[in-house]
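Here the structure comes first, spelled out in structure tokens, and everything after it is commentary.
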Amino acid sequence: MSYQEKRTITMILTGIILLSSFVLYAVLRIQADIAVLGDLKFWAIAMLVFIGIGIGATILTQILFHIVFAVSVAVVEERDHAGCDEGKVETIIKREMVEDERDKTIELKSNSIGYAFSGFGFLAGLILLAVTGSAVYLLFSLFGAFSIGSILEGFVKLNLYRKGC
Amino acid sequence: MTQAELAEKAGVSRQTVVAIEAGKYAPTLELAFRIADAFGVPIGEVFLCDASEDGK
Chain A
65 MSYQEKRTIT MILTGIILLS SFVLYAVLRI QADIAVLGDL KFWAIAMLVF IGIGIGATIL
125 TQILFHIVFA VSVAVVEERD HAGCDEGKVE TIIKREMVED ERDKTIELKS NSIGYAFSGF
185 GFLAGLILLA VTGSAVYLLF SLFGAFSIGS ILEGFVKLNL YRKGC
Chain B
4 MTQAELAEKA GVSRQTVVAI EAGKYAPTLE LAFRIADAFG VPIGEVFLCD ASEDGK
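Protein sequences appear in the order of chains A and B.
Quick note on our numbering: the first sequence kicks off at 65 and runs consecutively.
Quick note on our numbering: the second sequence kicks off at 4 and runs consecutively.
Rendered as structure tokens:
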């Protein structure tokens with residue numbers, strides 16, 4: 065499995081954990097009567113906080129992933145060649161991390177699917193707003209569509225890496 | 004020449020070389036030239052265009 069595939073899996077997992085955390089947070093708040101579904105301000109603040117946490121968590125996860133990846137390369141090198149040459153490890157890491165035209169093509173293709181999903185989410189939100197008359201559904205729909213869209217983007221990327229593009 | 008060596012010479016990842024070999028990725032003309040250049044042969048000796056695959 066390539067560096068890019070492993071990185072994509074890490075991002076998918078981060079996205080799933082964040083979305084699940086938000087859903088859990090929302091359900092618990094509603095069940096405990098701390099928040100009402102129609103309180104737009106409360107949900108807008110909660111979503112902003114989760115978006116902030118998401119950005120922070122993604123950056124942190126990528127840093128941690130890179131450290132773990134570098135350590136694993138060094139461990140494999142040490143095991144296979146009995147002696148860890150720092151320069152060689154650095155070369156292997158650089159070689160694995162190369163981002164080329166195929167990665168960019170895959171990125172573009174997966175982005176377009178992610179954006180399309182987000183667009184459908186907006187449309188679904190508008191339909192919900194038109195049917196129920198409550199803007200909170202539009203808010204949830206938008207948040208969900210962007211979150212699921214980004215996770216879907218990861219899965220599409222993985223599929224393109226595996227099946228080709 | 005190993006896949007890793009070719010990848011390094013062409014400035015791409017080894018996975019891209021593997022994908023091209025397996026027919027899972029069609030390189031751009033620029034990359035095709037770089038790969039041919041790495042082998043020191045004309046591009047036509049490395050890549051063949053099968054027009055029937057495009058339904059032409």
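Just so it is clear, CB atoms sit at the ideal spot from N, CA and C, and this is done for glycine as well.
The stretch 198-216 of chain A and the stretch 78-94 of chain A touch, with three or more beta-carbon pairs separated by less than 8 Å. Proximity of chain B to G228 (chain A) at the Cβ level (cut-off 8 Å) is accounted for by A22, A25, G26, K27, Y28, in chain order.
Cβ-Cβ separation between F114 (chain A) and L82 (chain A): approximately 7 Å, consistent with a contact (criterion under 8 Å). What S205 (chain A) touches in chain B, judged by beta-carbon distance under 8 Å, is nothing: the nearest beta carbon there is about 36 Å away.
Closest in C-alpha terms to I76 (chain A), from the list A:N223, A:C229, A:G228, comes A:N223. L206 (chain A) places its beta carbon less than 8 Å from that of F186 (chain A). By the neighbour-count criterion, in which 16 or more other beta carbons inside 10 Å mark a residue as buried, T78 (chain A) falls on the buried side. I76 (chain A): member of the alpha helix (DSSP H) spanning 67-95, first to last residue. Between T19 (chain B) and A7 (chain B), the C-beta spacing is not below 8 Å.
Between L32 (chain B) and V15 (chain B), the C-beta spacing is not below 8 Å. Around V15 (chain B), the beta-carbon contacts reaching into chain A at under 8 Å are V162, D164, E165, R166.
Taking C-beta atoms under 8 Å as the contact rule, L101 (chain A) and V200 (chain A) qualify, at a distance of about 6 Å. For S66 (chain A), at least one C-beta of chain B is nearer than 8 Å to its own C-beta. Straight-line spacing of the CA atoms in G116 (chain A) and V132 (chain A) works out to 24 Å. Shown here, L51 (chain B) sits in coil according to DSSP, grouped into three states, outside any helix or strand. The alpha-carbon of G183 (chain A) is positioned some 32 Å away from that of A22 (chain B). Among the CB atoms of chain A, one or more fall inside 8 Å of the CB of Q18 (chain B). Per the coordinates, the alpha-carbon of L51 (chain B) lies some 15 Å from the alpha-carbon of R37 (chain B).
Per DSSP, the continuous alpha helix (DSSP H) segment holding M111 (chain A) begins and ends at 104-145. Taking the CA atoms as reference points, A188 (chain A) sits about 30 Å from Y225 (chain A). In the structure shown, Y28 (chain B) adopts coil according to DSSP, grouped into three states.
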